[in-house]
Amino acid sequence: MKVHNVFLEAVGTKMDQYPAEGLPEIAFVGKSNVGKSSLINGLINRKALARTSGQPGKTQTINFYNVEQKLLFVDLPGYGYAKVSKDHRAKWAHMIETYLLNRQVLRLMVVLVDIRHEPGEHDKMMVDWVQANGFTPLVVATKADKLSKNQVQKHVGRIRKGLSLKESPIIPFSSVTKQGKEKIWEAIEEALVQ
Ligand code: GDP
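Counting along the sequence shown from 1, when you hit position 65 you're at 65 in the UniProt record's numbering, and nothing is skipped either side.
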């Protein structure tokens with residue numbers, strides 16, 4: 001998709017603050033610092049529309065970016081800050097779960113993992129959750145430029161095993177080289193026509 005026009009359409013923490021359901025939605029989720037903002041900005045050819053790294057303890061919101069009046073990119077808050085309280089974690093889970101379970105226009109969940117690391121408990125939970133709700137997750141393995149080509153394939157295998165993923169795709173991506181960008185767009189466009 002050629003992307004020229006993108007704007008932040010809505011920011012919220014509750015269903016009634018989200019845009020009226022109309023355009024199809026592609027949601028992005030992952031551990032904080034995994035490279036989610038960099039991926040979103042890379043896909044829409046912007047340097048910094050999506051915010052970089054929320055601070056621990058900062059209000060976490062769901063941000064909806066309107067892409068070409070054709071779809072919405074939904075930036076879900078990151079998980080996995082070691083320091084956040086139980087209460088904070090419960091709020092996060094509630095917000096994500098409510099979004100996932102109620103949004104009819106959700107077409108694809110993009111789950112981001114850092115290509116260098118074994119998937120963590122939250123990553124597994126997220127992927128299982130997405131599958132349990134009838135979606136095929138698109139796993140994007142970020143920061144691929146930090147590994148050699150050989151290592152990339154090896155780590156993709158490790159991530160697949162760690163997440164117990166059989167057929168769902170895992171696409172290595174780098175916001176530095178833009179490796180993987182076309183493939184991710186293809187997967188998004190495929191999800192839009194389903
Ligand atoms: P978020 O918290 O998931 O939104 O992560 P950010 O997009 O803010 O990225 C966190 C950090 O990782 C920043 O310092 C980025 O510059 C860096 N980063 C993100 N993606 C990449 C990538 O593909 N390659 C490299 N080398 N660094 C990246």
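Quick reminder that beta carbons are idealized off the backbone N, C-alpha and C, glycines included. Keep in mind it's a predicted model, so treat the numbers as computed, not measured.
Can residue i be considered in contact with the ligand GDP, in the sense that its beta carbon sits closer than 7 Å to one or more heavy atoms?
{"i": "N33", "result": "yes"}
{"i": "T61", "result": "no"}
{"i": "G78", "result": "yes"}
{"i": "S37", "result": "yes"}
{"i": "D145", "result": "yes"}
{"i": "S174", "result": "yes"}
{"i": "T142", "result": "yes"}
Should residue i be labelled buried (16 or more other beta-carbon atoms within 10 Å of its own) or exposed?
{"i": "residue 196", "result": "Lying outside 1 to 194, the shown extent of the chain, residue 196 is not represented and no answer is given."}
{"i": "E25", "result": "buried"}
{"i": "V110", "result": "buried"}
{"i": "W185", "result": "exposed"}
{"i": "S174", "result": "buried"}
Residue i: which of the options sits nearest, CA to CA?
{"i": "K149", "options": "P137, S168 and G180", "result": "G180"}
{"i": "T177", "options": "L100, R89, P137 and N45", "result": "N45"}
{"i": "N63", "options": "L39, P19 and T142", "result": "P19"}
{"i": "Q69", "options": "D128, E9 and L76", "result": "E9"}
{"i": "G80", "options": "L112, N66 and L106", "result": "L112"}
{"i": "Y65", "options": "S164, F7, G22 and K2", "result": "F7"}
Beta carbon of residue i: closer than 7 Å to some heavy atom of the ligand ATP?
{"i": "G30", "result": "This structure lacks the ligand ATP; the ligands present are the ligand GDP."}
Looking at residue j and residue i, is the spacing between their C-beta atoms short of 8 Å?
{"i": "P172", "j": "V193", "result": "no"}
{"i": "I115", "j": "V29", "result": "no"}
{"i": "I159", "j": "V130", "result": "no"}
{"i": "G78", "j": "K36", "result": "yes"}
{"i": "E21", "j": "V105", "result": "yes"}
Just list the beta strand (DSSP E) runs in the region 107–163, keeping only unbroken ones of 3 residues or longer that don't cross its boundaries, in chain order. 137–142
Ignoring anything shorter than 4 residues or poking outside the region 35–102, list the alpha helix (DSSP H) runs there in chain order. 36–43 and 86–102
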